[in-house]
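Have a look at the structure below before the remarks.
There are 2 protein chains.
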Amino acid sequence: MIKVIILGFGNVGQHLYQAFSRNSKVDVIQVFNRSPINFSEEFQVSFTTDIRQLKEADIYIIAVPDDTIQELSKKLPLKNKLVVHTSGSVALNHLSDNNKKGVFYPLQTFSKNAVVDFKSIPICIEANNKEDLKSLKQLGSAISENIQEINSKEREQLHLSAVFVNNFVNYLYQVGSDLLLDNSLSFDLLKPLIKETAKKMESLNPVDSQTGPAKRNDFKTIENHLHLLEGSPYKEIYEVMTKKIQNKNYK
Amino acid sequence: MIKVIILGFGNVGQHLYQAFSRNSKVDVIQVFNRSPINFSEEFQVSFTTDIRQLKEADIYIIAVPDDTIQELSKKLPLKNKLVVHTSGSVALNHLSDNNKKGVFYPLQTFSKNAVVDFKSIPICIEANNKEDLKSLKQLGSAISENIQEINSKEREQLHLSAVFVNNFVNYLYQVGSDLLLDNSLSFDLLKPLIKETAKKMESLNPVDSQTGPAKRNDFKTIENHLHLLEGSPYKEIYEVMTKKIQNKNYK
């Protein structure tokens, strides 16, 4: 049984807690959060807002906003324990030297009220020695079948790529939804297309699945789309993306 | 039994043929294509490259590239038949006056070698009279549970939105894949994230599911990402998308 304490109980902390509590190999013995939390019934765990009250555990998981990770890691009243953070964009060495450093980064998007199946989520782990890596591998394996050793430099690139395929893609969904709304059409119309566009990545690579007016240099349709977007804040996105896709054609 | 002839046997034509042949309400009695086709065994249908040899059918479905629809519709040796096209961006009145005009636009992305389940695909239909609309509704209902009456103006907007959530989204997948490849990391790492990002749209709206450095105005991470993208053709996309997401915040 791996004893774990989760520090910070936002989206990532809560999703990790739920994933860990569903299996028998990990015991979340305590949750720390700077401010009190209204626990719903599903969370039955020892909770504290007092950092001096931290218990003894095998792994301490920091799941706070990126810009507060370093500060919290320095404040921990611990010595030579394995302390890991869960961020895609913070380097391993940002953690305090007081403890053994590690990263436990689940490459996924977490929202309130959306249950996540961890099984296929890549858990990107990093540590300074084999023993700590082994501990993180064990912890990850309890919830996922996809454990990856990724160093800080690689993780940074991974996080950047994730911004493109998650944050920016989600924003394009928003654009699609907005354009339909302006014409009293339902976003539901686009949902099967959104689903299939993502599903294709299971079997095709994105170069092969690229279609549309920009790809086939269909200038007449592009012209018409730009005309429809006259005065819209989304015209700039259309122009940039179209230009990029067209350049790609000539690569 | 609705007798159908498919004119043009590219991606859309072939997917429609497959969908129709899987049910008993529609009979594809003939396929026309400008050039001969190497039929695989799965296609058992009367085929012609000679437009003068077209048979008698209830509905003629034009599934050729957008810029050749009008020309083909003019050439058809038919009078007062129901002739429809399958395009998102071509207006109903582009079809020749020789016949009754209609649109049968399946809002989905079709690729070779990717079997598509038509059941939930919105089939957007348009016609000039109730009788023809009824025929198209019957035809659509044979393969989909999601038949929508959409006029040419609405369809144009729908197609534009589809470009954002399909073509541009697919291109962002390509960017993610490229950035990883440059660092010898596998695109597989992003696939669970891509899947979940799309899946969220089933239960959340895109405004609520927007996350990331741009959304939370995390300037430090944005700075670092722009630094990582120095000299990359993708920097411009990052800048535009980030700016748009940030402006959205202040709406």
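So the sequences go chain by chain: A and B.
The opening residue of the first sequence carries number 19 in the working numbering; numbering runs sequentially from there.
The opening residue of the second sequence carries number 19 in the working numbering; numbering runs sequentially from there.
From the three backbone atoms N, C-alpha and C, an ideal C-beta is built for every residue, glycine too.
Taking Cβ positions, are residue i and residue j nearer each other than 8 Å?
| i | j | result |
| --- | --- | --- |
| residue 252 of chain B | residue 243 of chain B | no |
| residue 204 of chain B | residue 198 of chain B | yes |
| residue 231 of chain B | residue 191 of chain A | no |
| residue 156 of chain A | residue 20 of chain A | yes |
| residue 183 of chain A | residue 104 of chain B | no |
| residue 109 of chain B | residue 58 of chain B | no |
| residue 188 of chain B | residue 195 of chain A | no |
| residue 229 of chain A | residue 185 of chain B | yes |
| residue 134 of chain A | residue 33 of chain A | yes |
| residue 262 of chain B | residue 85 of chain A | no |
| residue 87 of chain A | residue 48 of chain A | no |
| residue 29 of chain B | residue 128 of chain B | yes |
| residue 27 of chain B | residue 160 of chain B | no |
Just verifying my parser: in three-state terms, what is the DSSP assignment at residue i?
| i | result |
| --- | --- |
| residue 57 of chain B | coil |
| residue 83 of chain B | coil |
| residue 128 of chain A | coil |
| residue 150 of chain A | helix |
| residue 74 of chain A | coil |
| residue 163 of chain B | coil |
| residue 183 of chain A | helix |
| residue 37 of chain A | helix |
| residue 123 of chain A | strand |
| residue 139 of chain A | coil |
| residue 250 of chain B | coil |
| residue 67 of chain B | coil |
| residue 268 of chain A | Confidence at residue 268 of chain A is low in this model, with a pLDDT of 48, below 50, so the placement of that residue should be treated as unreliable; the coordinate-derived value is given next. DSSP places residue 268 of chain A in coil when its eight states are reduced to three. |
| residue 42 of chain A | coil |
At least one CB of chain B closer than 8 Å to the CB of residue i: is that the case?
| i | result |
| --- | --- |
| residue 201 of chain A | yes |
| residue 230 of chain A | yes |
| residue 198 of chain A | yes |
| residue 166 of chain A | yes |
| residue 268 of chain A | Because the pLDDT at residue 268 of chain A is just 48, under 50, the model does not fix this residue reliably, and the value given afterwards should be weighed accordingly. Not one chain B Cβ lies under 8 Å of residue 268 of chain A. |
| residue 176 of chain A | yes |
| residue 243 of chain A | yes |
| residue 46 of chain A | no |
| residue 277 of chain A | The first residue shown for chain A is 19 and the last is 269, placing residue 277 of chain A beyond what the model contains. |
| residue 192 of chain A | yes |
| residue 81 of chain A | no |
Please look up how many angstroms separate the CB atoms of residue i and residue j, rounded, as I've assumed it's under 8 Å.
| i | j | result |
| --- | --- | --- |
| residue 118 of chain B | residue 99 of chain B | 7 Å |
| residue 207 of chain A | residue 174 of chain B | Not really, about 13 Å apart at Cβ, beyond 8 Å. |
| residue 79 of chain B | residue 91 of chain B | With a Cβ gap of about 11 Å, residue 79 of chain B and residue 91 of chain B do not count as contacting. |
| residue 95 of chain A | residue 77 of chain A | Not a contact, Cβ separation roughly 16 Å. |
Have a look at the DSSP bridge pairing and note the partners of residue i.
| i | result |
| --- | --- |
| residue 30 of chain A | BP columns for residue 30 of chain A are empty, so no partner. |
| residue 212 of chain B | Paired residues: none, contrary to the question. |
| residue 100 of chain B | B:77, B:118 |
| residue 48 of chain B | B:23 |
| residue 240 of chain B | Paired residues: none, contrary to the question. |
| residue 144 of chain B | B:121 |
Of all the CB atoms in chain A, is at least one closer than 8 Å to the CB of residue i?
| i | result |
| --- | --- |
| residue 72 of chain B | no |
| residue 36 of chain B | no |
| residue 19 of chain B | no |
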